[in-house]
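J.:
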Amino acid sequence: MPHTIVTNICEGYSDCVDACPVACIHEGPGKNVKGTTWFWIDYSTCIDCGICIQVCPIEGAIVPEERPDLQQTP
């Protein structure tokens, strides 16, 4: 099951982007409610490896399940 980046918790660190082995994490358009850059996970490409969760410095910014209600996907 793909992971989800919680749009309004993400603070725009790109550690997850660099670590992702399948390049499924992309920058979202504009800013989130915190006023920061945010990222989103392409569910169709995510291989559920969990590396993004391990490298993200913001607790709770990435959850280990597919939650389209928490992730704004362009």
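Each residue of the sequence shown is one higher than the one before, counting from 1 in UniProt numbering.
The C-beta atom is built at its ideal place from N, Cα and C for all residues, glycine as well.
In this text, all values refer to a predicted model and were calculated from it rather than measured experimentally.
List the whole-angstrom C-beta distance separating valine 22 from isoleucine 47, where the pair is believed to meet the contact cut-off of C-beta under 8 Å.
T.: For the purposes of this step, residue 22 is taken as the residue at position 22 of the sequence shown. For the purposes of this step, residue 47 is taken as the residue at position 47 of the sequence shown. The Cβ separation is near 5 Å, so the contact holds.
J.: Taking the alpha helix (DSSP H) that residue 115 belongs to, which residues open and close that run?
T.: It is not possible to answer for residue 115, since the shown part of the chain is limited to 1 through 74.
J.: Excluding the 5 residues flanking isoleucine 58 on each side, which residues of the same chain have their C-beta closer than 6 Å to its C-beta?
T.: Position 58 of the sequence shown, counting from 1, holds the residue named residue 58. Here the set comprises Glu11.
J.: Kindly list the residues whose CB is nearer than 7 Å to the CB of glutamate 27, restricted to its own chain and excluding five residues on each side of it in sequence; keep chain order.
T.: Reading the sequence shown from its first residue, position 27 is the one you call residue 27. These residues qualify, in order along the chain: Thr37 and Phe39.
J.: Which of the three DSSP states, helix, strand or coil, is assigned to valine 6?
T.: Your numbering for residue 6 matches position 6 in the sequence shown. In the structure shown, valine 6 sits in coil (DSSP, three-state: anything other than H, G, I, E or B).
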